[in-house]
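When the sequence shown is numbered by the working numbering, its final residue is 509 and no position is left out of the sequence of numbers.
Below you'll find the structure, written out as structure tokens, and then a few comments.
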Amino acid sequence: MAIHFDIVRDGRHFSARPDKGTPFRIAEKVKFRSKKTGVERFGLSNDGTFFGSQEAKQQLYTAADFTDVYQFWAEFIEPTAICEGQSFISLNTYDRARFTFGFGQLAVHVPDGDFILWFRDMLRRPEAMDYFPNLQLENGRIVKIEDGKSVEMESKDSTERLQKYLNPTLDEVEDAEVIAAAKLIHWTTTHADARLLQVQHMVNTARRLMREADRRLGLDDRTADLCCIIMDVRHQGRAGFDDLQKALLDRNPYAALLDVGSDGQPERCRNLKAALQPRRAGLRRRRWSRALGDFV
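Right, dumping it as structure tokens:
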């Protein structure tokens, strides 16, 4: 039976009460101003010190918890996870991505992107009807059931309908946005397999980005510390392959790669450097194998 969520609002702070039970914190209403356009947008966030952040910090991704399942890949994605907030229930709904969730900051605005692939698999889970009873999969795509008819929510060209389902506008924090966030937070917190699925998709993303980067940059036999930086750059999208190739040719490729994209994302580059520092020795023991499509 579908879980009913009531919204509890206290100023800028939002919580939710599942089936008239104990409320749990969701996030805080925040304002975001575009540096390019100056346009102000509003949404939810539980990052940093915002409302809900203490709960988010109790749901952190740690490589050691998943090495039994994903071996070295659990370690490989950890620096990026740290840079993205590290929490399985990290939430942001205020920027052009419209709705991002999880320790990899999966973003709904990309057709056939990380969020879409993950959410499709979430809807395949047995408890999906408890959370999104009006969403299902048809021909591999997410659809909404309205008056007995199927409405396609995403395609190879657009996710606009799903974006608006999760977050109707960026002008204000709407009830639908709060409820969608509450459902994903409650689902992820309550079901361990939902967290495992998030890890699986982040590993899948890292594998895909590594294969793609190898084709463009020739990474065969490169150490995993260098590959980790390249994967992080491509995951965030802060630079292209030309900049990465130039850094790889530097006399100190590690330092040069860490500097890629620093003009636009200096904080991200600093955070990645800090996350890699205690992990670099372990990463350097592995090298990328083009033949295997894996680290050895």
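Think of the CB as a built atom: it goes at the ideal place given N, C-alpha and C, for glycine as much as any other residue.
- In the DSSP assignment, ASP388 falls outside any beta strand (DSSP E) and lies within the alpha helix (DSSP H) extending over 388 to 403.
- According to the DSSP assignment, ILE355 belongs to the beta strand (DSSP E) that extends over 354 to 359.
- As DSSP reads the structure, PHE237 sits in a beta bridge with ALA229.
- Below 8 Å, too few C-beta pairs join the stretch 351 to 370 and the stretch 289 to 299 to call them touching: fewer than three.
- Taking the C-beta atoms as reference points, TRP501 is found nearer than 8 Å to MET423.
- Taking the CA atoms as reference points, PRO466 sits about 14 Å from ASP434.
- Following the DSSP letters along the chain, one finds GLU291 inside the alpha helix (DSSP H) bounded by residues 291 to 296.
- By the beta-carbon neighbour count (other beta carbons within 10 angstroms, threshold 16), LEU462 is exposed.
- Separation of GLN349 and LYS249 (C-alpha to C-alpha, rounded to the nearest whole angstrom) is 37 Å.
- Secondary structure in the stretch 237 to 272: the alpha helix (DSSP H) runs of 4 residues or longer, each lying completely within the stretch, are 266 to 269 in chain order.
- Under DSSP, ASN305 shares a beta bridge with SER258 and THR313.
- The Cβ atoms of TYR307 and PHE245 lie closer than 8 Å to each other.
- Contact check between the stretch 225 to 238 and the stretch 257 to 271: three or more CB pairs, one atom from each, fall below 8 Å, which counts as touching.
- Secondary structure at ILE443: helix, using DSSP grouped into helix, strand and coil.
- Residue pairing for SER363: DSSP places it in a beta bridge opposite ILE358.
- Runs of the alpha helix (DSSP H) lying entirely within the stretch 469 to 499 and spanning at least 4 residues, in chain order: 479 to 489 and 493 to 497.
- By the criterion of at least three beta-carbon pairs nearer than 8 Å, the stretch 448 to 462 is not in contact with the stretch 395 to 412.
- DSSP places GLN458 inside the alpha helix (DSSP H), whose first and last residues are 454 to 461.
- When DSSP states are grouped into helix, strand and coil, ALA320 belongs to the strand group.
- Here GLY477 is exposed, its C-beta having fewer than 16 other C-beta atoms within 10 Å.
- Leaving aside the five residues that flank GLY474 on each side, the residues in its chain whose CB is nearer than 8 Å to its CB run, in chain order, VAL446, GLN449, ARG451, ALA452, ASP456, ARG481 and CYS482.
- For ILE216, there is no enclosing alpha helix (DSSP H), since its DSSP letter is neither H nor E.
- Each of PRO479, ARG503 and GLY353 was checked against the Cα of CYS296, and the nearest Cα belongs to PRO479.
- Contact between the stretch 324 to 340 and the stretch 412 to 419 is present, with at least three C-beta pairs closer than 8 Å.
- A contact is defined here as three or more CB-CB pairs under 8 Å, and the stretch 298 to 307 meets this definition with respect to the stretch 265 to 284.
- Under the DSSP assignment, GLN349 falls outside any alpha helix (DSSP H), being part of the beta strand (DSSP E) whose first and last residues are 348 to 351.
- Counting along the chain, the unbroken alpha helix (DSSP H) around GLN376 starts and ends at 373 to 379.
- In this chain, the alpha helix (DSSP H) harbouring ALA341 covers 341 to 344.
- Contact annotation, ILE216 with ASP406: C-beta distance approximately 17 Å; criterion of less than 8 Å not satisfied.
- For GLY317, same chain residues with a beta-carbon under 8 Å away, outside a window of 5 residues either side, are ILE290, THR293, ALA294, GLU297, ASP327, GLN411, HIS414, MET415, THR418 and HIS448 in chain order.
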